[in-house]
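Numbering (my numbering), first residue to last: 668 to 989.
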């Protein structure tokens, strides 16, 4: 980091009683907020500088962390600042300092059925605890898209890629996936709108291996609650099966079985959530637009390294085994 950046970070970190700051290292695997690992004489922490300028959204996240922790579930907490607040504001940006979670993270490629069961059990416990919470402004997904508009967005991304003087292997892979996604958008079987039949509740919203810490056969830490949403729980269950486990049969089945052992999810409710999630993920263009329209290379990690297939097609094959 440049000296000016180091000085800026130290001026922010001085807002917490950390003792001597030994090192500050930026964590580059996030695509939205800025995150830094801080080693200090009083311990190791993570500084998050939020992209959002919406104070209420961050305050909702922090209240959610305290609520979940009050039920002895491992939502990683914030360290109070010198002013006694979990949230600080510095040069127009909101920030928070989080304790370092115990345990370790696991790459998607290294996930086993043990991790899948642990993730399923923890999500079931979280959903049970979160269910009574009222909606106080949480994000909701409007599952309604204009097919022509979305095809035009894919066309725009493709045009930007094709204007590049040299196409990398990653660029060519994105083009390949864009082509198949566009074909599915034009297919009459593609749902461009969906209204969930089951009631919504507060959900983590971004539950996957990058936000989980494992210790032996349990999840010992859950981080990044800033994407919390108000949607049916089947939506999040299907999202995790897709996003975290790529709908691989052994991992997905282990995850679902562990979840349902603690928080039963009727088949009709699961299918409703899967239809809602499928409608959402089939229209996913955020990562591609972040990379090629906004220059955010960090978003590339969110483009799967598998061929594009409609969620409903893969889910139908999987559920034959349920």
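Built from N, CA and C at the ideal position, the CB exists for glycine as well.
Report task. Run through the region 894–942 for me and flag every whole beta strand (DSSP E) of 3 or more residues, listed as ranges in chain order. Result -> The beta strand (DSSP E) runs of length 3 or more contained entirely in the region 894–942 are, from start to end of the chain, 896–898.
Requested in this report: State the DSSP-derived secondary structure class of residue 860, mapped to helix, strand or coil.
Outcome: Secondary structure of residue 860 (DSSP, three-state): strand.
Query raised in the report: Apart from the five residues on each side of it in sequence, which residues of its chain come closer than 6 angstroms, Cβ to Cβ, to residue 701?
Result: Closer than 6 angstroms at Cβ, skipping near neighbours: 716.
Report task. Would you check if the region 861–881 and the region 750–757 touch, i.e. whether three or more CB-CB distances between them fall below 8 angstroms? Result -> With the cut-off at 8 angstroms, the region 750–757 and the region 861–881 do not touch.
Query raised in the report: Any idea if residue 853 is buried or exposed, counting beta-carbon neighbours within 10 angstroms, 16 or more meaning buried?
Result: The residue in question, residue 853, is exposed, as its Cβ has fewer than 16 Cβ neighbours within 10 Å.
Requested in this report: Return yes when the Cβ of residue 902 is within less than 8 angstroms of the Cβ of residue 943, no when it is not.
Outcome: Contact: yes.
**Report entry** Per-residue DSSP class, three states only, for residue 823
**Finding:** Secondary structure at residue 823: helix, using DSSP grouped into helix, strand and coil.
Query - Spatial distance of residue 791 from residue 899 (CA atoms) - result: The straight-line gap from Cα to Cα measures roughly 13 angstroms.
Query raised in the report: residue 950 and residue 817 look like a contact to me (Cβ under 8 angstroms); what is the Cβ gap, rounded to whole Å?
Result: Indeed they touch by this definition, with Cβ atoms about 6 angstroms apart.
Requested in this report: Kindly indicate which residue of 745, 695, 985 has the alpha-carbon position closest to the one of residue 914.
Outcome: Of the candidates 745, 695, 985, the one whose C-alpha sits nearest the C-alpha of residue 914 is 985.
Report task. Return helix, strand or coil for residue 974, following the three-state DSSP convention. Result -> Shown here, residue 974 sits in coil according to DSSP, grouped into three states, outside any helix or strand.
Query raised in the report: Which one of 793, 705, 812, 671 has the shortest CA to CA distance from residue 738?
Result: The shortest C-alpha to C-alpha distance from residue 738 to any of 793, 705, 812, 671 is the one to 793.
Report task. Evaluate residue 789 with the Cβ neighbour count: other Cβ atoms within 10 Å of its Cβ, from every protein chain shown; 16 or more gives buried, anything less gives exposed. Result -> By the neighbour-count criterion, in which 16 or more other beta carbons inside 10 Å mark a residue as buried, residue 789 falls on the buried side.
Query raised in the report: Hey, how far is the Cα of residue 690 from the Cα of residue 843?
Result: Straight across, the Cα-Cα distance linking residue 690 with residue 843 is about 42 angstroms.
Query raised in the report: How close, in whole Å, do the beta carbons of residue 882 and residue 787 come, if the pair is a contact with beta carbons under 8 angstroms?
Result: 16 angstroms between Cβ atoms; not a contact.
Query - For residue 709, three-class secondary structure by DSSP - result: Coil.
Query - Test item: CB-CB of residue 810 and residue 849 under 8 angstroms - result: Not a contact, by the Cβ cut-off of 8 angstroms.
Query raised in the report: Under a three-way DSSP split, which group does residue 772 fall into?
Result: DSSP places residue 772 in coil when its eight states are reduced to three.
Query raised in the report: Touching or not, the region 718–732 and the region 760–768, by the rule of three or more beta carbon pairs under 8 angstroms?
Result: Short answer: they touch.
Requested in this report: Would you check whether the ligand ZN has a heavy atom nearer than 7 angstroms to the C-beta of residue 819?
Outcome: The ligand ZN is not part of the structure shown, which contains no ligands of any sort.
Query raised in the report: Shortest alpha-carbon distance to residue 650 belongs to which of 892, 880, 855?
Result: Because residue 650 is not part of the residues shown, which for the chain are 668 to 989, the question remains open.
Query raised in the report: Taking the Cβ atom as the reference point for each residue, do residue 846 and residue 838 lie within a distance shorter than 8 angstroms?
Result: Taking 8 angstroms as the Cβ cut-off, residue 846 and residue 838 do not qualify as a contacting pair.
Requested in this report: Starting from the C-beta of residue 814, find all residues in its chain whose C-beta is less than 8 angstroms away, skip the five residues before and the five after it, and write them out in chain order.
Outcome: The residues are 852, 853, 857, 859.
Requested in this report: Reducing DSSP to helix, strand and coil, say where residue 787 ends up.
Outcome: If DSSP states are grouped into helix, strand and coil, residue 787 belongs with the helices.
**Report entry** Same chain, Cβ closer than 7 angstroms to residue 936, five either side skipped, listed in chain order
**Finding:** 865, 901.
Requested in this report: Buried or exposed for residue 939, please, with buried defined as at least 16 other CB atoms from any protein chain shown within 10 angstroms of its CB.
Outcome: Its Cβ being crowded by 16 or more others within 10 Å, residue 939 is buried.
Query raised in the report: Could you give the distance in angstroms between the alpha-carbon of residue 976 and the alpha-carbon of residue 916?
Result: Distance between the alpha carbons of residue 976 and residue 916: 16 angstroms.
Query raised in the report: How would you call residue 957, buried or exposed, if buried means at least 16 neighbouring beta carbons within 10 angstroms?
Result: Its Cβ being crowded by 16 or more others within 10 Å, residue 957 is buried.
Requested in this report: Report the residue from 836, 870, 772, 780 whose alpha carbon sits nearest the alpha carbon of residue 799.
Outcome: The shortest C-alpha separation from residue 799 is found at 870.
Query - Integer Cβ distance of residue 878 from residue 889, believed to fall under 8 angstroms - result: Between residue 889 and residue 878 the Cβ distance is about 6 angstroms, and since that is below 8 angstroms, they are a contact.
Requested in this report: Take every Cβ of the region 963–977, pair it with every Cβ of the region 921–937, and state whether three or more of those distances are shorter than 8 angstroms.
Outcome: The region 963–977 vs the region 921–937: no contact.
Query raised in the report: Bridge partners of residue 766, per DSSP?
Result: Per the DSSP secondary-structure output, residue 766 pairs in a beta bridge with 712.
Query raised in the report: Assuming residue 928 and residue 905 make a contact with CB atoms under 8 angstroms, what is their CB distance in whole Å?
Result: Approximately 18 angstroms separates the beta-carbon atoms of residue 928 and residue 905; this is outside 8 angstroms, ruling out the contact.
Requested in this report: Grab the span of the alpha helix (DSSP H) containing residue 725 for me, first residue to last.
Outcome: For residue 725, the enclosing alpha helix (DSSP H) covers residues 722–736.
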